[in-house]
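In full-length UniProt numbering, the protein residues as written are 1 to 369.
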């Protein structure tokens, strides 16, 4: 069979670059295939380098190059290289709560957390007229991981015992401690023996907390008094109500109970009621295998708030004091008569004027602070 001269010429011209003659047994075909593979790896045309590429072949090659590019870009190695080459941007999911720094988280007065805390305090007033008599200027949340963990653990144990949801409900109580003990209580928790009240139980085996935020001590606050109040998160658990006729000896803590309350607590309706502070106290304790724990776990410090007592008269409508000089019937003796017209214990500068409308036959000297 005669060979096609055009096909032969084309084959010779394509293999002219190799410079090797055709051999028997298909060696030339193997060498040409190897040469074309090497050319493909180097990105060269397998045919004549100086020849013009047909349009169809060029289009197919462009498609293959694009396909190879997509495959290389989708490979993990190329993705890792591209990510290493591009500058990395640090992205952090924003937190809902503020950043915790140490034991305290200070709340700015204009923050929503501060307003919620003040609303919480005012919701535990015994006397509705206490609104406006206290000013709160500083607040900080307490973040004590150990005490919070023990509080949650105590709740889980009570739930495993089959306690009712009412016993597991969280509430709040208040304490007005000495300034020297504030930091210790926030760090270590409230331990037994912190007070001397014996109304509801022995203070050496339990802790006392105030039920109302405007009744923090036995005696009423004086105008201008200030201090720090600790808010506690508590679980009352199983409550035992104590009768108002208390014996002289302190009542011992009751096993299988978690809290003592007075039966007369609901009768206290005013800050000036008889034994209002003692009867509204709440007594917490915790048993551990017939022994009392030094710190009840269902009492956890929550926040510290600084306050100042302004007084009801000052908060409502302060009255001013007036003093008039008149001539007494004994004017011949040269004595002056002073009449004082004032509101209840009005603080005017550094002078306190009494609650009265009286006339004095001798010079009246106001009380000095």
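Don't be surprised by glycine CBs; every beta carbon is placed ideally from N, CA and C.
- Around residue 228, the same chain offers 182, 304 and 306 as residues with beta carbons nearer than 6 Å, after the five sequence neighbours per side are excluded.
- About 7 Å separates the beta carbons of residue 251 and residue 200, which is inside the 8 Å limit, making them a contact pair.
- Straight-line spacing of the CA atoms in residue 255 and residue 311 works out to 43 Å.
- Within the segment 172-212, complete beta strand (DSSP E) segments of at least 3 residues are found at 207-210, given in chain order.
- With a contact defined as Cβ atoms closer than 8 Å, residue 261 and residue 239 qualify at about 6 Å.
- A straight line joining the alpha-carbon of residue 282 with that of residue 273 spans about 17 Å.
- Going by DSSP, residue 276 is part of the alpha helix (DSSP H) stretching over 276-279.
- Beta-bridge pairing by DSSP links residue 227 to 307.
- Shown here, residue 267 sits in a helix according to DSSP, grouped into three states.
- By alpha-carbon distance to residue 271, the top candidate from 234, 217 and 226 is 217.
- Residue 297 carries a coil assignment under DSSP once its states are collapsed to helix, strand and coil.
- C-alpha of residue 150 to C-alpha of residue 297: approximately 6 Å in a straight line.
- Beta bridge pairing from DSSP links residue 221 with no other residue.
- In this structure, the beta-carbon distance from residue 172 to residue 231 falls below 8 Å.
- It is roughly 18 Å from the alpha-carbon of residue 141 to the alpha-carbon of residue 123.
- The alpha-carbon of residue 237 is positioned some 22 Å away from that of residue 195.
- Cβ-Cβ distances below 6 Å link residue 102 to nothing in the same chain once the five nearest sequence neighbours on each side are left out.
- Taking 8 Å as the upper bound for CB-CB distance, residue 117 and residue 107 are in contact here, some 7 Å apart.
- Around residue 169, the same chain offers 235 and 236 as residues with beta carbons nearer than 8 Å, after the five sequence neighbours per side are excluded.
- Distance between residue 222 and residue 308, taken at the CA atoms: about 10 Å.
- Here residue 295 really is in contact with residue 191; their C-beta atoms are around 5 Å apart, less than 8 Å.
- Within its own chain, the residues whose Cβ lies closer than 8 Å to the Cβ of residue 212, once the five positions on either side in sequence are excluded, are 124, 125, 126, 174 and 280, listed in chain order.
- Residue pairing by DSSP puts residue 262 in a beta bridge opposite 242.
- Straight-line measurement puts the Cα of residue 233 at about 21 Å from the Cα of residue 241.
- Looking only at 114, 144 and 158, the smallest Cα-Cα distance to residue 184 is reached by 144.
- Residue 147 and residue 189 have their alpha carbons spaced roughly 7 Å apart.
- For the 8 Å CB-CB criterion, residue 292 and residue 285 form a contact.
- Here the C-alpha atom of residue 224 lies approximately 39 Å from the C-alpha atom of residue 167.
- With respect to the 8 Å criterion, residue 258 and residue 134 are not classified as neighbours on the basis of their beta carbons.
- Taking every protein chain shown into account, the CB of residue 263 has fewer than 16 other CB atoms within 10 angstroms, so this residue is exposed.
- It is roughly 10 Å from the alpha-carbon of residue 203 to the alpha-carbon of residue 253.
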